[in-house]
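**Q** Below you'll find the structure I mean.
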Amino acid sequence: MKKIVPLIAASALIICTLPSCSAGKSIVGKWEMHDLAESGIKVGGIEFKADGKGSMYMDTTEILHADGKKIQVGEGDQSFTFDEEYITYDKTNLKIEINGQDMLTLARSGSGGSDDNYNGEYELKSGVLYDTIVSGITDNAGGNADDVNVYITFDGSSSEVKFVDIFNYATNKG
């Protein structure tokens with residue numbers, strides 16, 4: 001997870017260097033940044049929305065994923081698997097707790113949780129992981145922790161982390 005914070009900072013710099021579009025063209029949509037693959041993240045990019053807000057997304061399968069009813073965090077020798085005994089899940093909220101320490105608390109953003117897996121989109125609400133990500137963003141980019149909305153999507157053994165509306169943008173001359 002330590003890799004995510006520098007990637008966000010680097011991506012913010014990339015946003016500032018994007019060329020403006022010619023008249024009549026729009027930058028609205030998802031823009032992939034293939035160079036993230038060298039950082040252990042397969043695909044990531046920036047999403048520009050029509051309302052002038054932007055989000056960042058990353059395929060985080062290598063460093064975070066659910067395997068049935070287990071969640072693995074990290075990679076290689078530094079990975080750790082949280083077994084079901086550490087996870088509280090009611091199809092709406094998912095919490096990982098070790099010895100009373102909140103490691104990760106997620107709230108499902110949609111309906112339809114399953115008894116068999118954790119597939120779906122969740123908002124990151126609290127825990128050590130939340131503190132690491134949000135403090136890294138606010139320390140490196142400034143801002144308020146309340147303005148950072150982080151969503152994690154589990155789909156089979158893959159995952160994506162999305163930082164929703166973390167920047168504003170404007171185009172000049174189209």
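Position one of the sequence shown corresponds to residue 1 (our numbering), numbered consecutively onward.
Every residue, glycine too, gets a C-beta built ideally from N, C-alpha and C.
Values in this document were obtained by computation on a predicted structure and should not be read as measured data.
(1) What is the residue span of the beta strand (DSSP E) that A66 lies within?
(2) Is S22 helix, strand or coil by DSSP?
(3) Compute the minimum distance between the beta carbon of F154 and the heavy atoms of the ligand FAD, and state whether it is under 8 Å.
(4) Would you decide whether F80 is buried or exposed? Buried here means 16 or more other CB atoms lie within 10 Å of its CB.
(5) Locate the beta strand (DSSP E) running through K125, then write down its first and last residues.
(6) Could you tell me which residues DSSP pairs with K162 in its beta bridges?
(7) Tell me whether E75 sits in a helix, a strand or coil according to DSSP, three-state version.
(8) Counting along the chain, where does the beta strand (DSSP E) carrying K173 start and finish?
(9) Pull up the distance between the alpha-carbon of V134 and that of N149, whole angstroms please.
**A** With the given structure in hand:
(1) Start and end: L64 to D67.
(2) The predicted position of S22 is uncertain, since its pLDDT is 46 and thus under 50; no value can be drawn from it.
(3) What this structure holds is no ligand at all, so the ligand FAD is not there to describe.
(4) By the neighbour-count rule (16 or more Cβ atoms within 10 Å), F80 is not buried but exposed.
(5) Run containing K125: G120 to S126, per the beta strand (DSSP E) assignment.
(6) Paired residue(s): Y57 and Y151.
(7) In the structure shown, E75 adopts coil according to DSSP, grouped into three states.
(8) Here K173 belongs to no beta strand (DSSP E), and DSSP marks it neither H nor E.
(9) Going from the Cα of V134 to the Cα of N149 covers about 9 Å.
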